[in-house]
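Mapping the sequence shown onto full-length UniProt numbering, position 30 (from 1) lands on 30, and the numbers just tick up by one.
Remarks on the structure that follows.
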Amino acid sequence: MKKSLLDVIFASDKRKKVLLLLQDSPQEMETLLELLDTRRHHYFLR
1 MKKSLLDVIF
11 ASDKRKKVLL
21 LLQDSPQEME
31 TLLELLDTRR
41 HHYFLR
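The structure is reproduced here in structure tokens:
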């Protein structure tokens, strides 16, 4: 059975949060990573 695109998008909490953060305006990648509390944002700080 095929999943709908919305099911795929909202299956991940981080993907859902990114979409909600981008809903109002564009964001910098560093800002998104920091708001999502990922380990990747530490690489941008170096």
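Think of the CB as a built atom: it goes at the ideal place given N, C-alpha and C, for glycine as much as any other residue.
Legend entry - K3 - containing alpha helix (DSSP H), residue span: No alpha helix (DSSP H) holds K3; DSSP gives it neither H nor E.
Inset, instruction - Would you identify the three-state DSSP class for D24, choosing helix, strand or coil? - result: coil
Legend entry - Where the alpha helix (DSSP H) through L36 begins and ends: Where L36 is concerned, there is no enclosing alpha helix (DSSP H), given that its DSSP letter is neither H nor E.
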